[in-house]
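*Asks:* Handing you this structure, nothing more for now.
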Amino acid sequence: PLVAGILVLVVAVAAAAFVLLGGDDAKAVTIPPVKGQTATQAETTLRALRLEVDVRQATDPDVAQGIVIDTDPAAGEQAHEGDSVILRVSSGPGDVAVPNVVGQGESAATAALRAEDFDVNVEREASGTVDEGLVISQRPGGGTQAQKGSEVTIVVSTGPEQVTVPSLRGLDQASAEQRI
């Protein structure tokens with residue numbers, strides 16, 4: 010029994026040493042720089058080095074959707090064939106709450122929206138209830154989530170609708186009432 014126990018222990022130590030000292034023939038590779046490439050290009054490059062690729066989406070306001078942000082391990086670091094590399098790919102700038110600008114002046118509303126990185130589209134509409142120059146409505150509405158850089162449309166009042174009144178000069182009252 011003592012000899013069998015020692016033999017099992019020696020085999021276990023030998024197996025552990027083999028695994029820990031790199032007896033698996035996996036070649037060392039340097040992680041290439043793939044930042045700024047499309048996810049497909051980067052994945053192809055990494056797989057050609059016989060690396061496993063774990064694609065993860067991340068929001069990034071400065072990197073376009075579908076473009077590689079970085080890798081883990083980072084470019085220039087060593088890995089072995091078969092190792093897993095995390096490829097972080099931009100899902101775009103992410104969503105933010107749209108400020109509520111209804112009732113504000115056009116310039117203040119535009120400034121508030123641009124401060125949150127929204128593009129602003131201005132439409133004009135007559136209103137008998139909202140003063141000229143103030144925002145009547147917006148799309149998407151204030152408080153909703155929208156992607157940074159997306160468009161928000163504001164509708165700005167031009168004041169009450171102007172109507173053309175026909176000339177009534179020289180008409181008697183009954184004729185004038187009929188024309189109006």
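Per the working numbering, the sequence shown starts with residue 10, numbered consecutively. Cβ atoms here follow ideal geometry from the backbone N, Cα and C, with glycine treated the same way. Quick caveat, the model's predicted, so the values are computed rather than measured.
#1: Alpha carbon to alpha carbon, what distance is there between residue 177 and residue 161?
#2: What are the boundary residues of the beta strand (DSSP E) that residue 136 is part of?
#3: Can you list, in chain order, the residues of its chain with a C-beta nearer than 6 Å to that of residue 185? Leave out the 5 residues immediately preceding and following it.
#4: What are the start and end residues of the beta strand (DSSP E) that includes residue 99?
#5: Go ahead and label residue 180 buried or exposed: buried means 16 or more other beta carbons lie within 10 angstroms of its beta carbon, across all protein chains shown.
#6: What residue from 114, 46 and 57 has the CA that sits closest to residue 168's CA?
#7: Take residue 107 and list the residues in its own chain whose beta-carbon comes closer than 8 Å to its own, dropping the five residues that flank it on each side.
#8: Tell me the rounded alpha-carbon separation between residue 76 and residue 39.
#9: At a cut of 8 Å, does the region 80-97 reach the region 129-143 through at least three beta carbon pairs?
#10: Please return the same chain residues whose Cβ sits closer than 6 Å to the Cβ of residue 188, not counting the five positions on each side in sequence.
#11: Let me know if residue 15 comes out buried or exposed under the rule of 16 or more other beta-carbons within 10 Å of its beta-carbon.
#12: When the distance is taken between beta carbons, is residue 102 closer than 8 Å to residue 70?
*Replies:* Judging by the given coordinates:
#1: Reading the sequence shown from its first residue, position 152 is the one you call residue 161. Reading the sequence shown from its first residue, position 168 is the one you call residue 177. Cα to Cα, residue 161 sits roughly 45 Å from residue 177.
#2: The residue given as residue 136 occupies position 127 in the sequence shown. Looking at the DSSP string, residue 136 is not in any beta strand (DSSP E), and its letter there is neither H nor E.
#3: Numbered from its first residue, the sequence shown carries residue 185 at position 176. If we look at residue 185 and ignore the five residues flanking it on each side, its Cβ neighbours are 177.
#4: Mapped onto the sequence shown, residue 99 falls at position 90. Per DSSP, residue 99 belongs to the beta strand (DSSP E) from 93-99.
#5: As a position in the sequence shown, residue 180 is number 171, starting the count at 1. Its Cβ having fewer than 16 others within 10 Å, residue 180 is exposed.
#6: By 1-based counting over the sequence shown, the position of residue 168 is 159. Looking at the Cα atoms, 114 is the closest of the given residues.
#7: Looking up residue 107 in the sequence shown gives position 98. Contacts found: 122, 125, 127, 147, 149, 150, 151, 152, 153, 154, 155 and 161.
#8: Here residue 76 refers to the residue found at position 67 of the sequence shown. Here residue 39 refers to the residue found at position 30 of the sequence shown. Distance between the alpha carbons of residue 76 and residue 39 is about 21 Å.
#9: no
#10: On the sequence shown, residue 188 is found 179 positions in, with the first residue counted as 1. Contacts found: 175.
#11: Position 6 of the sequence shown, counting from 1, holds the residue named residue 15. Residue 15 comes out exposed.
#12: Counting from 1 along the sequence shown, the entry for residue 70 is found at position 61. Counting from 1 along the sequence shown, the entry for residue 102 is found at position 93. Cβ distance < 8 Å, so residue 70 and residue 102 count as in contact.
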